[in-house]
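> Numbering of the sequence shown is given in UniProt numbering, commencing with residue 1 and proceeding in unit increments. Sharing a structure, written as structure tokens. Questions coming.
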Amino acid sequence: MGHHFFYNSLDGRIADNHIRMLRYGTALSFVAKASLAASVVLAFKQRVWLTVRRKAMTLSAVDSLFAAADDLSAIFNAEIFRQARVAIILAIYVWCTPLVVILTSETLAVRNELAVENVTCPAVRTLNFAAEETNEWREAKRVDKLISLSVSLWNTTRGALDEDGNEFEGWYDYFTSPSWQFEQVATLAALSKTPVARVGAAEEICGTGWNCTYTVQFTGPGYKCTELASGVGSKPKKLGNATAPFGTEILAPEGNQTYVAQAFLGHYSETQMEDVWPGGIPTTPAPFPKHLGALRTEPILWIGYSEVDDPAELQPDNRSDPKWDQVYTPKIFGCEHYETKYEVLFNYTGLLQHTNVTRREFLHPVVDTTFLPDEPANDGTMDNTTAVPESNYILPSDTRRYRRAMAYHSIGMQLRTFINGSITEPGKIANTRALQTRLLDPTNWLGVRDMQGAVRGFYEDMLLSMLSNPQFLAVAWAAAPEVVSGVSAGGENTKFPCTRSRNDNRYRYVAWELWAVYAAAIALAIVGVGFGTVAIWEEGLWRNTRFSSIVAATRGPWLEKVPWTGDGPVEGEAKRVKVGYGLVSPSRGEDGVAEDEGRFEGRPMSRTWDAGDVVSPRGPNRVSTVGGRGDGSARDRFAFGLEGDVRQDRGVEREAEEGGGGSLGRSPKLPFRRTWQRVDQA
Numbered sequence: 001m002g003h004h005f006f007y008n009s010l011d012g013r014i015a016d017n018h019i020r021m022l023r024y025g026t027a028l029s030f031v032a033k034a035s036l037a038a039s040v041v042l043a044f045k046q047r048v049w050l051t052v053r054r055k056a057m058t059l060s061a062v063d064s065l066f067a068a069a070d071d072l073s074a075i076f077n078a079e080i081f082r083q084a085r086v087a088i089i090l091a092i093y094v095w096c097t098p099l100v101v102i103l104t105s106e107t108l109a110v111r112n113e114l115a116v117e118n119v120t121c122p123a124v125r126t127l128n129f130a131a132e133e134t135n136e137w138r139e140a141k142r143v144d145k146l147i148s149l150s151v152s153l154w155n156t157t158r159g160a161l162d163e164d165g166n167e168f169e170g171w172y173d174y175f176t177s178p179s180w181q182f183e184q185v186a187t188l189a190a191l192s193k194t195p196v197a198r199v200g201a202a203e204e205i206c207g208t209g210w211n212c213t214y215t216v217q218f219t220g221p222g223y224k225c226t227e228l229a230s231g232v233g234s235k236p237k238k239l240g241n242a243t244a245p246f247g248t249e250i251l252a253p254e255g256n257q258t259y260v261a262q263a264f265l266g267h268y269s270e271t272q273m274e275d276v277w278p279g280g281i282p283t284t285p286a287p288f289p290k291h292l293g294a295l296r297t298e299p300i301l302w303i304g305y306s307e308v309d310d311p312a313e314l315q316p317d318n319r320s321d322p323k324w325d326q327v328y329t330p331k332i333f334g335c336e337h338y339e340t341k342y343e344v345l346f347n348y349t350g351l352l353q354h355t356n357v358t359r360r361e362f363l364h365p366v367v368d369t370t371f372l373p374d375e376p377a378n379d380g381t382m383d384n385t386t387a388v389p390e391s392n393y394i395l396p397s398d399t400r401r402y403r404r405a406m407a408y409h410s411i412g413m414q415l416r417t418f419i420n421g422s423i424t425e426p427g428k429i430a431n432t433r434a435l436q437t438r439l440l441d442p443t444n445w446l447g448v449r450d451m452q453g454a455v456r457g458f459y460e461d462m463l464l465s466m467l468s469n470p471q472f473l474a475v476a477w478a479a480a481p482e483v484v485s486g487v488s489a490g491g492e493n494t495k496f497p498c499t500r501s502r503n504d505n506r507y508r509y510v511a512w513e514l515w516a517v518y519a520a521a522i523a524l525a526i527v528g529v530g531f532g533t534v535a536i537w538e539e540g541l542w543r544n545t546r547f548s549s550i551v552a553a554t555r556g557p558w559l560e561k562v563p564w565t566g567d568g569p570v571e572g573e574a575k576r577v578k579v580g581y582g583l584v585s586p587s588r589g590e591d592g593v594a595e596d597e598g599r600f601e602g603r604p605m606s607r608t609w610d611a612g613d614v615v616s617p618r619g620p621n622r623v624s625t626v627g628g629r630g631d632g633s634a635r636d637r638f639a640f641g642l643e644g645d646v647r648q649d650r651g652v653e654r655e656a657e658e659g660g661g662g663s664l665g666r667s668p669k670l671p672f673r674r675t676w677q678r679v680d681q682a
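Following this line, the structure appears as structure tokens:
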């Protein structure tokens, strides 16, 4: 039980101090093995004495029988297998008990496993553009001592004068361009072709040595793409009320262009007024044009490309190639800028960040207008963009909405900067930064498969790359999206649900194997002890194989007839002599040697009484007549003797009942103690 509880406590734990734990387990199994072996050895000794009491065997077999539990070679004796099967099986069990230690040690293994746990991670960040709505760029808000960053740069009308020469009281800020810090992040995302990860984010979020995953939700900008034309001669469909500015005829195989993107039609003009002071302050007195700084529309991404079956294979690059008309399929699609609800799975494995947008829900256009390319604005500004309905323009006076929309506009503008342009054959004449992105395959500078998904994913790479710089206002704690995160590592209030995992060495305990080994060993030990108990019952006393017991069993002249050869090991003919253990008489009969003859001649008979003597409970001077003279001149005793000289077990009991009138057997009240009783002769 202790072994089981110890291993069970280790199950699933990290395998530190592995060698020490195995040593503890081995010690427990060794104690169990020693206990089982000791109990069976005791049973074995009882079976040995029972066997020699009942059967006469060669001296060699008796040697092997007594040594079987200590000397492995002793069990390889055919005679003891015939004469002492039970005893030898018990000896074999004793020799097999080391298997308990070996087999139980295998039940606690160390395996490299993927450990997975649902916990909370302290530094999980998300995006929340609500902070852009309330940002006051003049205050230079700080978080963790660092200035928070917006994705937009601003001009202002503050400081302008009205018609009376007084400072204009209705001043407002208006957009001028994306911030340089965001331009840096967007460029890194475009060039690396994957979302930029913050240095040290994996360890900060997951913990040292761990991988982790988590899912965040946020609302931000996204492009919703729709296929408008596919195939030679296909006429592009309208996108809402907007019409594509080009058709499939300019694309290969009809045309020479394999890629074309127009992404700045209706773009917000960074120069809103012609004459301004530094900071975009108009030099003309207020009132200003009502659409100064207005976000009138968001440019649609009009993208056409020539699709091939495998962009990574070499393709025809001029019309003289006969395959030119066969391999290219012209396609056109348009992408509108939407406010989008995202669900993103972040996975940090081996310190590397992987992202997967698992769900996107397009909510509504950033600006719900339609650009009219042929209608000039003529509204007093330098922005010659006209869109309808005019009522949907987003004005600087609507501060919160305007700032969020311009944040989306800044991010979208970086995407449009990279994809705008074209590639023309022959010669692959390129005037687009799309070559730097993952939108074009480097083999032929042709559009990748699923071009719509690639454009959408490219934009999402830029968006998620904002998390690489927690100074951005939009970077917030996932656990508290209303709080700008800054660059701190987070704490108890910022913990967010995540799943951590790592491959490590852990203990695995196979309980059924340990119980199977112990069950088999214990069951066999119980059987062995049962055999030993039966032997004690039949013998009526407990025996051992200590030196004193062997001396008591071999004293006397009855073994003098064995042809001993010197003082060395017993060999030759002596080993073939059959001996047994039982009741022997001091008289030699015809061939025996009396105790008072031979080398004992002239010595007085000993009167020392011991457990080997057959005595009467009436006193040491009253001896049993079982097999003896019954005159008190000599003593019968139990000892080893040659076959024929020894009266063994049941025969002795019967003779005791028939010959001398005595009884030899168990006391009914004390079944485990053999008593000897003499009945006086008539």
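Even glycine gets a Cβ: it sits at the ideal position worked out from N, Cα and C.
Which word fits Asp591, buried or exposed, when buried means at least 16 other C-beta atoms lie within 10 angstroms of its C-beta?
Caution is warranted here: a pLDDT of 44 is assigned to Asp591, below 50, making its placement in the model unreliable, and the coordinate value is therefore given only provisionally. Result: exposed.
> What would DSSP say about Arg198, mapped onto helix, strand or coil?
Residue state, collapsed to three classes: coil.
> Where in the stretch 44-124 do unbroken runs of the beta strand (DSSP E), each at least 3 residues long, occur, reported from the N-terminal end onward?
You should have 108-121.
> What are the partner residues of Cys335, as DSSP defines its beta bridges?
Per DSSP, Cys225 and Leu301.
> From the DSSP output, read off the bridge partner residues of Ser422.
According to DSSP, Ser422 bridges with Val260.
> Mind checking which residues open and close the alpha helix (DSSP H) that includes residue 690?
Residue 690 is absent from the structure shown; the chain starts at 1 and stops at 682.
> Thinking C-alpha only, which one of Asn544, Lys578, Arg53 and Arg647 is nearest Phe44?
Closest option to Phe44, Cα to Cα, is Asn544.
> Could you check where the alpha helix (DSSP H) with Thr533 kicks off and where it finishes?
Ala511 to Glu539 is the extent of the alpha helix (DSSP H) around Thr533.
> Based on the DSSP secondary-structure assignment, which residues constitute the bridge partners of Arg142?
Arg142 is bridged to Ile147.
> To which residues of the same chain is Ile88 closer than 7 Å at the C-beta, ignoring the five residues directly before and after it?
If we look at Ile88 and ignore the five residues flanking it on each side, its Cβ neighbours are Ala68, Ile75, Ile80 and Phe81.
> With distances taken from CA atoms, which of Phe640, Ser148, Thr248 and Thr381 is nearest Val551?
The shortest C-alpha separation from Val551 is found at Phe640.
> In this structure, how does DSSP classify Val388 when only helix, strand and coil are distinguished?
Three-state DSSP puts Val388 in a strand.
> Going by C-alpha to C-alpha distance, which of Ser422, Phe346, Arg359 and Ala38 sits closest to residue 697?
The question about residue 697 has no answer, for the chain in this structure spans 1 to 682.
> To the nearest angstrom, how far is the alpha carbon of Ala263 from that of Asp164?
Cα to Cα, Ala263 sits roughly 43 Å from Asp164.
> Determine the burial state of Gly159: buried for a count of at least 16 other Cβ atoms within 10 Å of its Cβ, exposed for fewer.
So Gly159 counts as exposed.
> Go ahead and label Cys335 buried or exposed: buried means 16 or more other beta carbons lie within 10 angstroms of its beta carbon, across all protein chains shown.
Classification of Cys335: buried, given that the 10 Å Cβ count is 16 or more.
> When you compare the CB positions of Arg500 and Glu133, do they come within less than 8 Å of one another, or not?
No, the Cβ-Cβ distance between Arg500 and Glu133 is not below 8 Å.
> Which residues in the same chain as Tyr507 place their Cβ atom closer than 7 Å to its Cβ, once the five residues preceding and following it in sequence are excluded?
Same-chain partners within the cutoff: Leu10, Asp11, Gly12, Arg13, Ala15, Leu108 and Val110.
> Tell me whether Gly12 sits in a helix, a strand or coil according to DSSP, three-state version.
Gly12: coil per DSSP, three-state reduction.
> Give a yes or no on whether the C-beta atoms belonging to Tyr393 and Leu295 are separated by under 8 Å.
It is a contact, given that the beta carbons lie within the stated cut-off.
> Please report the Cβ distance between Glu298 and Pro365, rounded to the nearest whole angstrom; I am assuming they are in contact, meaning their Cβ atoms lie under 8 Å.
Yes, Glu298 and Pro365 are in contact; Cβ-Cβ is about 7 Å, under 8 Å.
> Pull up the DSSP beta-bridge partners for Glu307, would you.
According to DSSP, which records beta bridges pairwise, Glu307 is partnered with Thr329.
> What is the DSSP secondary structure of Lys669, counted as helix, strand or coil?
Residue confidence is low: Lys669 scores 34 on pLDDT, short of 50, so the model does not pin down where it sits. Its coordinate-derived value is still stated next. Three-state DSSP puts Lys669 in coil, outside helix and strand.
> Taking just the CA atoms, how far does Val276 sit from Met382?
Answer to the nearest angstrom: the Cα atoms are 12 Å apart.
> In whole angstroms, give me the CA-to-CA distance for Thr358 and Tyr342.
Each residue's Cα considered, the two are about 8 Å apart.
> With burial defined as no fewer than 16 other Cβ atoms inside 10 Å of the residue's Cβ, what is the status of Asp321: buried or exposed?
Asp321 is exposed by the Cβ-count criterion.
> Between the beta-carbon of Ala525 and the beta-carbon of Ser39, is there less than 8 Å?
For Ala525 and Ser39, yes; Cβs fall inside 8 Å.
> For Ala516 versus Asn8, is the C-beta distance shorter than 8 Å?
Not in contact: Ala516 and Asn8 (Cβ atoms no closer than 8 Å).
> Drop a sphere of 10 angstroms on the beta-carbon of Ser35, count the other beta-carbons inside from all chains shown, and report buried for 16 or more, exposed for fewer.
Flag for Ser35 reads exposed.
> Taking Cβ to Cβ, would you say Pro282 is nearer than 8 Å to Thr157?
Cβ distance < 8 Å, so Pro282 and Thr157 count as in contact.
> When we look at the beta-carbon of Cys225 and count the other beta-carbons within 10 Å, is it buried (16 or more) or exposed?
The residue is buried, with at least 16 neighbouring Cβ atoms inside 10 Å.
> Does Ser192 pass the burial test, meaning 16 or more other C-beta atoms within 10 Å, or should it be called exposed?
Its Cβ having fewer than 16 others within 10 Å, Ser192 is exposed.
> Put Asp504 into one of helix, strand or coil per three-state DSSP.
The answer is strand: DSSP assigns Asp504 an E or B state.
> If you check the beta carbons only, do Ile455 and Leu435 fall under 8 Å apart?
According to the sequence shown, residue 455 is Val rather than Ile. Not a contact, by the Cβ cut-off of 8 Å.
> Which residues does DSSP list as the beta-bridge partners of Ser177?
BP columns for Ser177 point to Leu153.
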